[in-house]
Each structure stands twice: as structure tokens, then as C-alpha cells.
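Step one of this worksheet: look at the structure below.
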Amino acid sequence: GLSDCLRNLTLERIVERYRQTLSLGSMAILCGFCKPPQSLEATKGCADCKANFCNECFKLYHPWGTPRAQHEHILPTNNFRPKVLTCTDHEQERLQWYCRSCQRLLCPLCKLRRVHHGHKVLPVAQAYQALKDKIGKEVSFILTNQETIQSQITQLEAAIKQMEANSAVAMQQLTQCITELGAAVAERHGALALALEGSRSRREDALSAQAFEKKGLLEQAGLMAYTQELLKETDAPCFVQAARVTHSRLVKAIE
15 GLSDCLRNLT LERIVERYRQ TLSLGSMAIL CGFCKPPQSL EATKGCADCK
65 ANFCNECFKL YHPWGTPRAQ HEHILPTNNF RPKVLTCTDH EQERLQWYCR
115 SCQRLLCPLC KLRRVHHGHK VLPVAQAYQA LKDKIGKEVS FILTNQETIQ
165 SQITQLEAAI KQMEANSAVA MQQLTQCITE LGAAVAERHG ALALALEGSR
215 SRREDALSAQ AFEKKGLLEQ AGLMAYTQEL LKETDAPCFV QAARVTHSRL
265 VKAIE
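Residue numbers (the numbering used here): 15 to 269.
Right under this line is the structure:
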């Protein structure tokens with residue numbers, strides 16, 4: 015159950031460092047040993063004393079050459095943690111062994127239990143070094159792959175930029191070609207329009223001439239029919255009166 019869970023001090027330290035980064039510029043942690051009202055900002059925390067100190071107070075309470083001088087100093091904090099992990103089953107017993115089969119830390123008393131008989135149990139320092147080396151290699155492998163992938167991403171981004179540049183040039187060339195083609199088409203259109211208009215005008219003139227000629231022929235046909243009817247006239251005075259004009263028109267038609 016939860017009683018078997020150990021505190022993850024490493025994670026707590028990471029969180030504490032992150033909090034220290036975020037808290038820059040925020041409310042400072044004050045020394046717990048300065049005499050008020052002149053409490054100075056704490057510059058160190060003591061993991062053994064579980065207290066925060068300014069530089070002067072830290073020196074005062076940790077004299078050189080005394081056991082206190084060996085205390086572990088850390089960044090100022092409001093959340094002090096135990097220095098070492100202890101067994102959840104045997105209080106005050108430090109976890110000095112690691113069972114690879116169970117993948118859990120053991121104190122000397124837990125190591126003697128039957129449940130771990132035949133298991134591969136290592137000193138925690140040896141397990142620490144082995145795991146650290148293994149994780150370091152895995153991280154290096156991942157970082158190496160990340161560099162390769164990042165390099166590939168950089169190449170792809172460069173290819174995309176080059177493609178965009180090439181597309182822009184191609185679009186400019188296409189626009190220029192279309193403009194030139196449009197100008198050529200417009201010029202050709204003008205020439206063809208002039209030629210068509212000239213052809214139409216000539217054809218119209220020819221057709222008009224033919225129509226005029228046909229009209230003339232129609233007029234002559236009417237004159238012939240009228241003259242033929244005139245020749246049937248037997249009354250001399252009437253004939254002479256009408257024939258004078260008709261004769262003039264016949265002369266013009268013959269000419």
C-alpha cells in the first residue's frame with residue numbers, strides 16, 4: 015500500500031530547484047537567527063539543522079573545526095527534507111541495499127528476509143553507479159537521435175524555403191510570359207481586325223456594285239416592257255408625245 019512507498023527525494027530536489035528559479039525576484043526567505051528587526055535575507059539552508067541562515071549567522075552557528083561545520087548546506091527553502099531515505103518498516107534504518115529482482119531498496123534488516131532469498135541484492139552504491147551509467151547512455155542515445163532529427167528538420171525547412179523561392183521565381187516568369195503572350199495576342203487581334211475590316215469593306219463594295227448593276231438591269235427591263243407596249247399604240251399624236259421621252263431613255267440605255 016501507500017505505507018510501502020518511499021519519498022522521492024531526488025524529485026523533491028528537482029522541484030525545489032525549479033521553485034528557486036521561479037521565485038527569483040519574489041518574496042525572499044529571511045534568516046531565522048538574525049535579531050529583529052534587522053533580519054537579513056537567508057543565503058544558505060542547513061539540511062541538518064533544518065533552518066535558514068544569512069552568511070554571518072551560518073558561520074556563527076557552524077564554527078570551523080566542530081561537527082556542525084560538516085553539516086550539509088543547501089539553498090534557502092521553506093520545505094526541508096530528510097537527508098537520507100529510511101526504511102518504512104524499520105525506522106531509523108538506512109536503505110543500503112537494492113534488490114534487482116524486486117526492484118526496491120532494502121535496509122540491512124529487510125535484506126535478511128526470506129522473501130529476498132536467492133535474489134540478486136547489490137549494495138546501493140553499486141546499483142547507483144550501474145543505473146546512472148545505463149541511464150546516461152540512454153540519454154546520450156536519445157540526445158544523439160534528437161540532434162540527427164533536428165538536423166533532418168533543418169534540412170527539410172531549408173528545402174521548403176528553397177521550394178518557396180523557386181515557386182516565386184516560376185510564378186514571376188509565368189506572369190511575365192502571360193503578359194507577353196497577352197500583348198502578342200492583342201497585337202495579332204488588332205492586325206486581324208484590320209484585315210477583316212478591309213475584306214468586309216471590299217466585299218461590301220463589290221456587292222454594292224453588283225446590286226447597283228442588277229438594279230440597272232431591272233430598270234432597263236421595265237423600259238423594254240414599256241417600250242413594247244408603246245409600240246402597240248396606233249394613235250400617232252399620242253405615240254409621238256410618249257415616244258420622245260422613251261426614245262431618250264433608250265438612247266441612254268444603249269450608251
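Beta carbons: idealized from backbone N, C-alpha and C, even for Gly.
Where the alpha helix (DSSP H) containing residue i begins and where it ends
{"i": "Lys-73", "result": "69–75"}
Of the residues the options, the one placed nearest residue i, counting alpha carbons only
{"i": "Val-135", "options": "Gln-143, Ser-262, Cys-116, Gln-52", "result": "Cys-116"}
{"i": "Lys-49", "options": "Ala-42, Cys-68, Cys-63, Lys-58", "result": "Cys-68"}
{"i": "Ser-53", "options": "Thr-100, Cys-60, Ile-43, Asp-62", "result": "Ile-43"}
{"i": "Glu-243", "options": "Glu-227, Lys-228, Thr-260", "result": "Thr-260"}
{"i": "Cys-63", "options": "Gln-186, Cys-45, Asn-180", "result": "Cys-45"}
{"i": "Leu-9", "options": "Gly-196, Leu-74, Ala-257, Ala-141", "result": "The first residue shown for the chain is 15 and the last is 269, placing residue 9 beyond what the model contains."}
{"i": "Cys-101", "options": "Trp-111, Phe-94, Ala-225", "result": "Trp-111"}
{"i": "Gly-230", "options": "Lys-266, Glu-152, Gln-164, Gln-187", "result": "Lys-266"}
Sub-8 Å separation of residue i and residue j beta-carbons
{"i": "Leu-109", "j": "Val-129", "result": "no"}
{"i": "Ala-65", "j": "His-76", "result": "no"}
{"i": "Phe-47", "j": "Lys-58", "result": "no"}
{"i": "Cys-113", "j": "His-87", "result": "no"}
{"i": "Leu-99", "j": "Leu-126", "result": "no"}
{"i": "Glu-107", "j": "Pro-96", "result": "no"}
{"i": "Thr-241", "j": "Leu-264", "result": "yes"}
{"i": "Ala-56", "j": "Pro-90", "result": "yes"}
{"i": "Cys-60", "j": "His-85", "result": "yes"}
N- and C-terminal bounds of the beta strand (DSSP E) containing residue i
{"i": "Pro-137", "result": "135–137"}
{"i": "Cys-124", "result": "Cys-124 -> not in any beta strand (DSSP E); alpha helix (DSSP H) instead, spanning 122–125."}
Beta-bridge partners of residue i, as assigned by DSSP
{"i": "Tyr-112", "result": "Leu-119, Leu-136"}
{"i": "Leu-44", "result": "Glu-55"}
{"i": "Ala-225", "result": "DSSP, once it has assigned bridges, lists no residue as partnering Ala-225."}
{"i": "Cys-60", "result": "Ala-65, His-87"}
{"i": "Thr-100", "result": "Arg-108"}
Legend entry - Touch test, the stretch 163–176 against the stretch 129–147, Cβ-Cβ under 8 Å, three pairs minimum: no
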